[in-house]
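To start, the structure under review is shown below, and the notes come after it.
Protein chains: 2
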Amino acid sequence: MDYPVFAVTVDLVVLTVRDGGLHVLLVRRGLEPHLDRWALPGGFVHADEELAAAARRELAEETGLAEPGGHLEQLASYGAPDRDPRGRVVTIAYLALVPDLPIPTAGTDAAEAEWRPVGALGLAFDHDRILADGVERARSKLEYTPLAAAFCPPEFTIAALRQVYEAVWGESLDPRNFHRKATTTPGFVSPTGGTTEGEPGRPAQLFRRGDATLLNPPILRRAHGA
Amino acid sequence: MDYPVFAVTVDLVVLTVRDGGLHVLLVRRGLEPHLDRWALPGGFVHADEELAAAARRELAEETGLAEPGGHLEQLASYGAPDRDPRGRVVTIAYLALVPDLPIPTAGTDAAEAEWRPVGALGLAFDHDRILADGVERARSKLEYTPLAAAFCPPEFTIAALRQVYEAVWGESLDPRNFHRKATTTPGFVSPTGGTTEGEPGRPAQLFRRGDATLLNPPILRRAHGA
DNA sequence: AGCGGTTATCGTCAGTATGACGTGAAATGG
DNA sequence: CCATTTCACGTCATACTGACGATAACCGCT
Chain A
1 MDYPVFAVTV DLVVLTVRDG GLHVLLVRRG LEPHLDRWAL PGGFVHADEE
51 LAAAARRELA EETGLAEPGG HLEQLASYGA PDRDPRGRVV TIAYLALVPD
101 LPIPTAGTDA AEAEWRPVGA LGLAFDHDRI LADGVERARS KLEYTPLAAA
151 FCPPEFTIAA LRQVYEAVWG ESLDPRNFHR KATTTPGFVS PTGGTTEGEP
201 GRPAQLFRRG DATLLNPPIL RRAHGA
Chain B
1 MDYPVFAVTV DLVVLTVRDG GLHVLLVRRG LEPHLDRWAL PGGFVHADEE
51 LAAAARRELA EETGLAEPGG HLEQLASYGA PDRDPRGRVV TIAYLALVPD
101 LPIPTAGTDA AEAEWRPVGA LGLAFDHDRI LADGVERARS KLEYTPLAAA
151 FCPPEFTIAA LRQVYEAVWG ESLDPRNFHR KATTTPGFVS PTGGTTEGEP
201 GRPAQLFRRG DATLLNPPIL RRAHGA
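Residue numbers (the UniProt record's numbering), protein chains in the order written: chain A, 1 to 226; chain B, 1 to 226.
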């Protein structure tokens, strides 16, 4: 039996929350095809490498960080026959949610790297579609899982957590109701005992991630049709 | 630049509901490796073929049906370096939810095909893991989407729909509360006007799928830890 | 026809979750 | 010291859910 040969890449949708908005990590391509265009970070999977390991490796190479308390999961695979002019390339996209990082350092095959607000960006390949899928995945995961905390540093306030929801969903939430929901949902967050200092207003309690993997009951956004 | 070469396959987790239980379509392998062992149906992606098209083709080949009103979606990709002794093979798994079909016909490279209750089956390759992921995906999709109807014929009763939930979740639901929920959730089901005939008990109204793609509010199962 | 069994459908009611919003607490910066 | 800011907690009406009673409309049997 014989069969067609493929190249396999991983691409990363790395999301973070900066100044109240959802941002994605992009790199400017330093190689053909799509030279100089913006794209998601990614690269070829090595000959004897796990897919998830390849994703972690690319993440570390592009950001200079080895998983800073964030979250990494497989998103989906894309393999349209004409998606890459070099030949038949299937890419496994991964979704990473990370705290706001100092600034990404340019990697090996990327001339530059930077955070860009998500939206209609004209990215290389089919990366606009992959990004849209990643954003939608993040939006719905916030409803049913405690993953919002992956966008926060190890210790955070309820207000910071709420701002994550507001940035990712693009809607504002009532601070008092959100506080009640976050603190009473079992396993979502647990208090560290510390408080903020030096901020304007009353000091806020600090929390860390709880041990739940699923929020029950979930935190539902308003009807988001289709 | 050079890069490693891969083979790419699609594997299918085809689920249906039969006599009150969730069943998966398995084939007995007619080729090495894992000759004669049970496995998920699947095969190599052709040189110029979309991934989803390959999944549909394999589904048609294995079951003799071209999407009988069911549902097909990408599940996840699996690419451990040693998952296939023939070499580096990445598989894109697809999840199909279909109505109870007469009986699958054996395909080209499968000696036999049959429905088996899901559970701890000792499948070839990493197919136990893929199956488990598919079942979990189906369980959670029933909560937030109207996909339960994909397991039913075009017209069905509320009781049939409830039995889908009971089979997939493995728990029993109150018929009266489920009836209220299914009929009042906007876009879930719409009445055809017809009723069942010849069945024991009071005749039931017939429904077809509504036009919603998301259930709001969702139908949540009881706390399913982890 | 009449009757018991079966299933569908509708209704009630208490407990819980949610959204809207009022109010005091505890800090900061003039 | 006072105005401002943000946190934290409380109240209340409404909606949703789960438990379960009651009735409707068919079956098969005698």
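From the three backbone atoms N, C-alpha and C, an ideal C-beta is built for every residue, glycine too.
Beta-carbon proximity list for residue i, same chain, < 7 Å, skipping 5 on both sides
i         : result
B/Gly-210 : Pro-146, Gly-187, Phe-188, Val-189, Ser-190
B/His-179 : Ile-158
Cα-Cα separation between residue i and residue j, rounded to whole angstroms
i         : j         : result
B/Glu-171 : A/Arg-37  : 52 Å
B/Trp-169 : A/Pro-99  : 36 Å
A/Val-61  : B/Asp-133 : Residue 61 of chain A is actually Glu in this sequence, not Val. Those two C-alpha atoms are separated by around 30 Å.
B/Leu-22  : B/Pro-117 : 6 Å
B/Pro-200 : B/Leu-206 : 15 Å
B/Arg-28  : A/Thr-185 : 46 Å
A/Leu-51  : B/Leu-101 : 36 Å
B/Leu-26  : A/Ala-182 : 44 Å
A/Arg-162 : A/His-71  : 18 Å
B/Thr-213 : A/His-224 : 11 Å
A/Phe-48  : B/Leu-121 : Going by the sequence as given, residue 48 of chain A is Asp instead of Phe. Taking the straight line joining both Cα atoms gives about 28 Å.
A/Leu-173 : A/Gly-193 : 25 Å
B/Gly-42  : A/Pro-153 : 43 Å
B/Asn-177 : B/His-46  : 48 Å
A/Asn-216 : B/Arg-83  : 36 Å
A/Ala-53  : B/Arg-129 : 18 Å
Nearest-angstrom Cβ-Cβ length linking residue i and residue j, presumed shorter than 8 Å
i                      : j         : result
A/Leu-137              : A/Leu-40  : Residue identity check: residue 137 of chain A is Arg in the sequence provided, not Leu. At roughly 14 Å, the Cβ-Cβ gap does not stay under 8 Å, so A/Arg-137 and A/Leu-40 are not in contact.
A/Thr-91               : A/Val-10  : 7 Å
residue 232 of chain B : A/Phe-6   : Since the first and last residues shown for chain B are 1 and 226, residue 232 of chain B lies out of range.
B/Leu-59               : B/Glu-73  : About 12 Å separates the two Cβ atoms, so there is no contact after all.
B/Tyr-78               : B/Ala-93  : 7 Å
B/Val-164              : B/Ala-148 : 5 Å
Reference residue i; option with closest CA among the options
i         : options                                    : result
A/Gly-69  : A/Glu-197, A/Glu-155, A/Tyr-165            : A/Glu-155
B/Arg-57  : B/Arg-18, B/Leu-12, B/Ala-120              : B/Leu-12
A/Arg-88  : B/Ala-120, B/Pro-4, B/Gly-122, B/Arg-83    : B/Pro-4
A/Ser-140 : A/Arg-176, A/Leu-123, A/Pro-218            : A/Pro-218
B/Glu-112 : B/Arg-18, B/Leu-121, B/Leu-35              : B/Leu-35
A/Glu-114 : A/Leu-215, A/Arg-222, A/Asn-216, A/Arg-18  : A/Arg-18
A/Glu-166 : A/Arg-222, A/Arg-208, A/His-127, A/Pro-153 : A/Arg-222
A/Phe-151 : A/Arg-208, A/Asp-174, A/Leu-173            : A/Arg-208
B/Gly-20  : B/Ala-160, B/Arg-176, B/Asn-216, B/Ala-53  : B/Ala-160
Same chain, Cβ closer than 6 Å to residue i, five either side skipped, listed in chain order
i         : result
A/Pro-33  : Pro-85
B/Thr-16  : His-23, Val-98, Asp-100
B/Pro-81  : none
A/His-127 : Ala-39, Leu-40
Any non-hydrogen atom of the ligand ZN within 6 Å of residue i CB
i         : result
A/Asp-128 : Only the bare structure without any ligand can be found here, which leaves the ligand ZN out of the picture.
Close beta carbons around residue i, own chain, < 8 Å, minus the five adjacent residues each side
i                      : result
B/Arg-220              : This sequence places Leu at residue 220 of chain B; Arg is not what is there. If we look at B/Leu-220 and ignore the five residues flanking it on each side, its Cβ neighbours are Glu-143.
B/Pro-203              : Thr-195, Thr-196, Glu-197
A/Ala-124              : Arg-29, Pro-33, His-34, Arg-37, Trp-38, Ala-39
residue 228 of chain A : In the structure as shown, chain A starts at 1 and stops at 226, and residue 228 of chain A therefore has no counterpart that could be examined.
| Which of the residues in the segment 50-83 of chain A, read from start to end, lie with their CB under 7 Å from any CB of chain B? | Within the segment 50-83 of chain A, the residues whose Cβ lies closer than 7 Å to some Cβ of chain B are Glu-50, Leu-51, Gln-74, Ala-76, Ser-77, Gly-79, Ala-80, Pro-81, listed in chain order.
| query | According to a CB-to-CB cut-off of less than 8 Å, which residues of the segment 23-54 of chain A neighbour chain B? | reply | Leu-31, Phe-44, Val-45, His-46, Ala-47, Asp-48, Glu-49, Glu-50, Leu-51
| query | Listed from N- to C-terminal order along the chain, which residues in the segment 90-102 of chain B have their beta-carbon within a distance smaller than 7 Å of any beta-carbon of chain A? | reply | Listed in chain order, the positions of the segment 90-102 of chain B with a beta carbon within less than 7 Å of a beta carbon of chain A are Val-90, Ile-92.
| said: Using a Cβ-Cβ cutoff of 8 Å, what residues of the segment 177-191 of chain A are near chain B? List them in chain order. | reply: none
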